[in-house]
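Visitor:
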Amino acid sequence: MTQQTQHRTHDAAKRWGVFVAVAAALFALVWLAWSVLNRPSFLPGINPLQRNTTVTVGLRQAPASLDIRTQDGHAVEQALLGNVYETLVQRNQSNQLEPGLASQWKISKDALSYTLTLRPNLRFSNGDRLDAADVVWSLQQAVKGHFVGSDALNGLKSVENQGSSTIVITLANPNPTLLRALSGRAGIVYDAQANVDYARGAVGSGPFIISGYQPGQSITFKRNGAYSAQRAASSQVTLRYYPDDASLLSALRNNDVNMALPNDPNLDASVTGDPSLKVVDGMSTSKVLLAFNNNANAIFSDQQVRQATRYLVDSAAIAHAQPDAAAALGGPVSQLEPGYEDLTGLFPHDSAKASSMLSYFSASYLGTMTFLVPQRYQALGETVTQQLQDSGYFHVQMQVVDDATLNDRMAKGDYTMALMTMDETGDASAFANANSVFHYENGDAQRQYADALHATNGDDYRKAMQAFARTVSQDAASDWLYTRKDRIVVKAKLEGYPTNMVDQILPLQNLAMK
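The numbering used here puts the first residue of the sequence shown at -3, with every later residue one more than the last.
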């Protein structure tokens, strides 16, 4: 072989080697790209459950504004709390308190000082660092600006940061509900440096950012890539609002939404018989009660009349028959609230006992009851009216009204009895306030509630609330019928959806299609 031939052979071999190397490199790059797109767990900081998928949730009540500082109602909380905005403390699906932005807290022995420690490496969605100074500023702004929920910061004396990760809250008086307040709007931390149109957008620290907003129609969230904890399972989640249940459920059947939260729990066969759908029931803190006007001029100012009425109303049968009932309820504290005790046995249905108690009163004394019933509970109102009138002692004038009229007339005391709902954790406090719509006064109950508010630890608070609730129920301040269920309908392939309290908080972080 000549030297020239050897050269050409050597050059060909080199070119072949380069070709093989380049081909191998290209193959490696293609494989890596495929891995990134299809197996996000290969990337540092990415949870293996993350997917480039979108989920749409259908709802009924749209917030009038995204400004969670000033907008009343549950709709804005349902959309933004835990999704866009994180809170210092958070609630789990059992309504128990857990670490949020604060990884831990310590309470002084006299319960007047709370020391909170923030999670490390916190950032807002715009990249700004979130530290203790932001917490102090946010709490101060909430109180000064009278933000919605700031009244829960009762007795706040001072708040200061000690370094970048420690906050000390000092109270003038013990407030055993402070941590729960910090799991709601009062616990949101805002970016003091951000220039935000809060009515249409937000800068939060949660797993999502707002990428689109059409007032009254939809809110679109995208995964927050700067989120320091477990990132959202889906890359995009859209909340879409519908004017009625029929259009909402139609959208679900037509695959326009993957999850629906209808107002009416009654579902037709097109939903319950569809194998691609699942109906899931959870528990809420919403309570349906027969409210009594305990005003001194009303018949329910008499304890015996109140108690007899509770014996006449078959609460257990009502709870069993009502489609929106999760469980029977016998007192002002529901199953997911601190201080709950099963009080359903205090007034079992007993018409004979009720008649014996009412035989002391003349028909003219009992008079005619003005019974206010919201439109959605007309059938339930008719059941209660029938049970009371069957006794022969009561004449009930049922008036079906809209919610605004119900609230207005109850506020004015223009009613004898009313069907209503109470939705909040801790709203049993209304029965310790003689100026509430119930006009209920009981010295023992008021003292027990005061004891609860002065408790220095959660266990003492729970016990005091149990005592208070039992006193109020035994005295028949009203008749608590049942706790409402939260019903959702989901596509069978949807996972990671919440079930409890979705009427108030709707965590979307784990939501994804299989």
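All C-beta atoms in this analysis are idealised placements derived from N, C-alpha and C, irrespective of residue type, glycine included.
Can you grab the Cα-Cα spacing for the pair residue 415 / residue 160, in whole Å?
Guide: Along the sequence shown, read from residue 1 onward, the residue named residue 415 stands at position 419. Along the sequence shown, read from residue 1 onward, the residue named residue 160 stands at position 164. If you take the alpha carbons of residue 415 and residue 160, they lie about 50 angstroms apart.
Visitor: Here's the rule I'm using: 16 or more other beta-carbon atoms within 10 Å means buried, otherwise exposed. How should residue 196 be labelled?
Guide: Start at 1 with the first residue of the sequence shown, and residue 196 comes out as number 200. That one is exposed.
Visitor: Quick one: residues in its chain with C-beta nearer than 6 angstroms to the C-beta of residue 328, no 5 flanking neighbours on either side, listed in chain order?
Guide: Within the sequence shown, numbered from 1, the residue matching residue 328 stands at position 332. Cβ neighbours of residue 328 beyond the five flanking positions: 424, 427, 465, 468.
Visitor: If you check the beta carbons only, do residue 72 and residue 64 fall under 8 angstroms apart?
Guide: On the sequence shown, residue 72 is found 76 positions in, with the first residue counted as 1. On the sequence shown, residue 64 is found 68 positions in, with the first residue counted as 1. Yes; because the gap between Cβ atoms is below 8 angstroms, this pair is in contact.
Visitor: Could you pull the start and end residues of the beta strand (DSSP E) that residue 112 belongs to?
Guide: Position 116 of the sequence shown holds residue 112. Its beta strand (DSSP E) spans residues 109 to 114.
Visitor: Between the segment 450 to 458 and the segment 261 to 275, are three or more C-beta pairs nearer than 8 angstroms?
Guide: No contact exists between the segment 450 to 458 and the segment 261 to 275.
Visitor: Taking all protein chains shown into account, do 16 or more other C-beta atoms lie within 10 angstroms of the C-beta of residue 435, making it buried, or fewer, making it exposed?
Guide: As a first step, residue 435 is located in the sequence shown; it is residue number 439 there, counting from the start. When all chains shown are included, residue 435 counts as buried.
Visitor: Exposed or buried, what is residue 29 when buried is set at 16 or more other beta-carbons lying within 10 Å of its beta-carbon?
Guide: Start at 1 with the first residue of the sequence shown, and residue 29 comes out as number 33. With a pLDDT of only 46 at residue 29, under the threshold of 50, the placement of this residue in the model should not be trusted; the figure read from the coordinates follows. Answer is exposed; the Cβ neighbour count stays below 16.
Visitor: May I ask you to verify whether the segment 494 to 509 touches the segment 299 to 306, counting CB pairs closer than 8 angstroms and requiring at least 3?
Guide: At 8 angstroms Cβ cutoff, the stretches do not touch.
Visitor: Quick check on the burial criterion: 16 or more other C-beta atoms within 10 angstroms. Buried or exposed for residue 352?
Guide: Counting from 1 along the sequence shown, the entry for residue 352 is found at position 356. Classification of residue 352: exposed, given that the 10 Å Cβ count is below 16.
Visitor: Does the beta-carbon of residue 378 have 16 or more other beta-carbons within 10 angstroms, so that it is buried, or is it exposed?
Guide: Within the sequence shown, residue 378 is the residue found at index 382, counting from 1. Its Cβ having fewer than 16 others within 10 Å, residue 378 is exposed.
Visitor: Rounding to the nearest angstrom, what Cα-Cα distance links residue 281 and residue 481 in this structure?
Guide: Here residue 281 refers to the residue found at position 285 when the sequence shown is read from its first residue. Here residue 481 refers to the residue found at position 485 when the sequence shown is read from its first residue. Residue 281 and residue 481: Cα-Cα distance of roughly 9 angstroms.
Visitor: Once you ignore the five residues that flank residue 49 on each side, which residues in its own chain have a CB closer than 7 angstroms to its CB?
Guide: Sequence index remark: in the sequence shown, residue 49 carries index 53 (1-based). For residue 49, where only same-chain residues beyond five positions count, the Cβ hits under 7 angstroms are 230, 231, 508, 509.
Visitor: Please list, in chain order, all residues of the same chain as residue 499 whose beta carbon is under 6 angstroms from its beta carbon, the five residues on each side excluded.
Guide: Position 503 of the sequence shown, counted from the first residue, corresponds to residue 499. Correct list, in chain order: 280, 482.
Visitor: Taking the straight line between their C-alpha atoms, what separation do you get for residue 373 and residue 311?
Guide: Here residue 373 refers to the residue found at position 377 of the sequence shown. Here residue 311 refers to the residue found at position 315 of the sequence shown. Roughly 15 angstroms between the two C-alpha positions.
Visitor: Report the residue from 144, 183, 149 whose alpha carbon sits nearest the alpha carbon of residue 78.
Guide: By one-based count along the sequence shown, residue 78 stands at place 82. Of 144, 183, 149, the residue nearest in Cα terms is 183.
Visitor: Who are the near neighbours of residue 167 in its chain, counting only those whose CB is closer than 8 angstroms to its CB and skipping five residues on each side?
Guide: One-based indexing of the sequence shown puts residue 167 at position 171. 107, 108, 109, 110, 151, 152, 153, 174.
Visitor: Please classify residue 283 as buried or exposed, where buried requires at least 16 other C-beta atoms within 10 Å of its C-beta.
Guide: Position 287 of the sequence shown, counted from the first residue, corresponds to residue 283. Residue 283 is buried by the Cβ-count criterion.
Visitor: What does a CB cutoff of less than 6 angstroms around residue 205 pick up in its chain, not counting 5 residues either side in sequence?
Guide: What you label residue 205 is simply residue 209 of the sequence shown in a count that begins at 1. Only 121, 218, 220 meet the Cβ criterion.
Visitor: Using the Cα positions of residue 292 and residue 460, report the straight-line distance between them to the nearest angstrom.
Guide: The residue given as residue 292 occupies position 296 in the sequence shown. The residue given as residue 460 occupies position 464 in the sequence shown. Going from the Cα of residue 292 to the Cα of residue 460 covers about 27 angstroms.
Visitor: Given a cut-off of 8 angstroms on the beta-carbon distance, is the pair residue 224 and residue 117 in contact?
Guide: Counting from 1 along the sequence shown, the entry for residue 224 is found at position 228. Counting from 1 along the sequence shown, the entry for residue 117 is found at position 121. Result yes, Cβ atoms of residue 224 and residue 117 sit closer than 8 angstroms.
Visitor: With DSSP as the reference, identify every bridge partner of residue 428, one or two as the case may be.
Guide: Taking the sequence shown and counting its residues from 1, the one referred to as residue 428 is at position 432. Residue 428 pairs with nothing; no bridge assigned.
Visitor: Please return the same chain residues whose Cβ sits closer than 7 angstroms to the Cβ of residue 102, not counting the five positions on each side in sequence.
Guide: The residue given as residue 102 occupies position 106 in the sequence shown. Once the five neighbours on either side are set aside, the close Cβ partners of residue 102 are 111.
Visitor: If we call anything under 8 angstroms between Cβ atoms a contact, is residue 390 one with residue 365?
Guide: Looking up residue 390 in the sequence shown gives position 394. Looking up residue 365 in the sequence shown gives position 369. In this structure, residue 365 lies closer than 8 angstroms to residue 390 by Cβ.
Visitor: Between which two residues does the beta strand (DSSP E) carrying residue 206 extend?
Guide: As a first step, residue 206 is located in the sequence shown; it is residue number 210 there, counting from the start. It spans 204 to 210 - the beta strand (DSSP E) in which residue 206 sits, taken as one unbroken run.
Visitor: Can you name, in chain order, every residue of its own chain whose Cβ lies under 7 angstroms from the Cβ of residue 335, other than the five neighbours on each side?
Guide: Position 339 of the sequence shown, counted from the start, is the residue given in the question as residue 335. Cβ within range, chain order: 329, 458, 461, 462, 465.
Visitor: Reducing DSSP to helix, strand and coil, say where residue 41 ends up.
Guide: Taking the first residue of the sequence shown as position 1, residue 41 is located at position 45. Residue placement at residue 41 is flagged as unreliable, the pLDDT there being 39, under the threshold of 50; the coordinate-derived value follows with that caveat. Coil, per DSSP.
Visitor: Judging by CA-CA distance, which residue of 446, 474, 193, 382 is the nearest neighbour of residue 412?
Guide: In the sequence shown, counting from the first residue as 1, residue 412 sits at position 416. Measuring from the Cα of residue 412, the nearest candidate turns out to be 474.
Visitor: Roughly how many angstroms lie between the CA atoms of residue 362 and residue 380, to the nearest whole one?
Guide: The residue given as residue 362 occupies position 366 in the sequence shown. The residue given as residue 380 occupies position 384 in the sequence shown. Each residue's Cα considered, the two are about 17 angstroms apart.
Visitor: Which residue marks the beginning of the alpha helix (DSSP H) containing residue 373, and which one marks its end?
Guide: As a first step, residue 373 must be located in the sequence shown, where it is residue number 377. Taken as a continuous stretch (DSSP letters only), residue 373 belongs to no alpha helix (DSSP H), as it is neither H nor E.
Visitor: For residue 104, which of 56, 172, 61, 326 has the nearest alpha-carbon?
Guide: Along the sequence shown, read from residue 1 onward, the residue named residue 104 stands at position 108. Of the candidates 56, 172, 61, 326, the one whose C-alpha sits nearest the C-alpha of residue 104 is 172.
Visitor: Does residue 501 pass the burial test, meaning 16 or more other C-beta atoms within 10 Å, or should it be called exposed?
Guide: Counted from its first residue, the sequence shown places residue 501 at position 505. Label assigned to residue 501: buried.
Visitor: I need the DSSP call for residue 305, collapsed to helix, strand or coil.
Guide: For the purposes of this step, residue 305 is taken as residue 309 along the sequence shown, with counting starting at 1. Residue 305 falls in the helix class under three-state DSSP.
Visitor: With the cut-off set at 8 angstroms, would you say residue 308 and residue 350 are in Cβ contact?
Guide: What you label residue 308 is simply residue 312 of the sequence shown in a count that begins at 1. What you label residue 350 is simply residue 354 of the sequence shown in a count that begins at 1. Yes, Cβ-Cβ distance for residue 308 and residue 350 is below 8 angstroms.
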